[in-house]
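Q:
Residue numbers (mature numbering (1 follows the signal peptide of the UniProt record, and there is no 0)): -18 to -1, 1 to 160.
(1) Taking C-beta to C-beta, are residue 44 and residue 157 nearer than 8 Å?
(2) Give the straight-line distance between the Cα atoms of residue 91 and residue 58, rounded to the nearest whole angstrom.
(3) Applying the criterion that 16 or more other CB atoms from any shown protein chain within 10 Å of the CB defines a buried residue, is residue 60 buried or exposed?
(4) For residue 131, which three-state DSSP category applies?
(5) What three-state label does DSSP hand residue 61 in the structure shown?
(6) Below 8 Å on the Cβ atoms is my contact criterion, and I expect residue 5 with residue 56 to pass it. Report the Cβ-Cβ distance as a whole number of Å.
(7) Is DSSP giving residue 21 helix, strand or coil here?
(8) Under 8 Å, with one C-beta from each stretch per pair, do the segment 72 to 83 and the segment 92 to 112 reach the 3-pair mark?
(9) Give a yes or no on whether the C-beta atoms belonging to residue 93 and residue 152 are separated by under 8 Å.
(10) Measuring straight from C-alpha to C-alpha, what distance separates residue 49 and residue 87?
(11) Roughly how many whole angstroms lie between the Cα atoms of residue 19 and residue 75?
(12) Going along the chain, which residues of its own chain have a beta-carbon closer than 8 Å to the beta-carbon of residue 142, five neighbours each way excluded?
(13) For residue 40, does the three-state DSSP call read helix, strand or coil?
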């Protein structure tokens, strides 16, 4: 009887943890880790000011931790000075033009769809992002990944975001060739 209860509890715990994150992505392309990469502005589709900039900073660090040695970030002085960072087509085109001027081969860009603590007694952190790896020369999207993750009430929002972005980038860089 105790063995059955233990198995049932283990199964329920596994199901509960699996429900905390959802990730979908395309197949990983063959990418060069030695090429120059740039992190372009992330669109902020949330009510949280500067959520896109926060996600960019985490993504830049994660690219380095995944072995991408040459990474540059789109300069803040070139970004629109707006509280919620609206991303329009002109800004995206300007960012891609900047990446070409830098001689970059790949660009990481994306959007933040959720970046908050949920309302309620526990106030769990919740993050939702979409990432894209773009061939700078052609403008073609090579890979896309989207995901959402919530954490426990005592976890930091940035820690949950880092876990989600790490998972997505690991998938996008899985076929990397050095």
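By construction, the Cβ of each residue, glycine as well, lies at the ideal position given by its N, Cα and C atoms.
Remember, predicted model here, so these are calculated numbers, not experimental data.
A: Walking through what the data contain:
(1) Here residue 44 refers to the residue found at position 62 of the chain shown. Here residue 157 refers to the residue found at position 175 of the chain shown. For residue 44 and residue 157, no; Cβs fall outside 8 Å.
(2) By 1-based counting over the chain shown, the position of residue 91 is 109. By 1-based counting over the chain shown, the position of residue 58 is 76. Distance between the alpha carbons of residue 91 and residue 58 is about 15 Å.
(3) The sequence position of residue 60 within the chain shown is 78, counting from 1. Classified as exposed, residue 60 has fewer than 16 neighbouring CB atoms from the shown chains inside 10 Å of its CB.
(4) Start at 1 with the first residue of the chain shown, and residue 131 comes out as number 149. Looking at residue 131 - three-state DSSP - the assignment turns out to be strand.
(5) Here residue 61 refers to the residue found at position 79 of the chain shown. In the structure shown, the three-state DSSP call for residue 61 is coil.
(6) For the purposes of this step, residue 5 is taken as residue 23 along the chain shown, with counting starting at 1. For the purposes of this step, residue 56 is taken as residue 74 along the chain shown, with counting starting at 1. Not confirmed; about 25 Å, so no contact.
(7) Position 39 of the chain shown, counted from the start, is the residue given in the question as residue 21. Of the three classes helix, strand and coil, the one that applies to residue 21 here is strand, per DSSP.
(8) The answer is no - the segment 92 to 112 does not touch the segment 72 to 83, with fewer than three Cβ pairs under 8 Å.
(9) Looking up residue 93 in the chain shown gives position 111. Looking up residue 152 in the chain shown gives position 170. 8 Å or more divides the Cβ of residue 93 from the Cβ of residue 152.
(10) Indexing the chain shown from 1 puts residue 49 at position 67. Indexing the chain shown from 1 puts residue 87 at position 105. Going by the C-alpha atoms only, they are around 16 Å apart.
(11) Residue 19 sits at position 37 when you count from the first residue of the chain shown. Residue 75 sits at position 93 when you count from the first residue of the chain shown. The alpha-carbon atoms of residue 19 and residue 75 are separated by roughly 17 Å.
(12) Counting from 1 along the chain shown, the entry for residue 142 is found at position 160. Within the same chain, residue 142 has close Cβ partners 107, 108, 109, 131, 132, 133.
(13) Position 58 of the chain shown, counting from 1, holds the residue named residue 40. The three-state reading of DSSP puts residue 40 in helix, counting H, G and I together.
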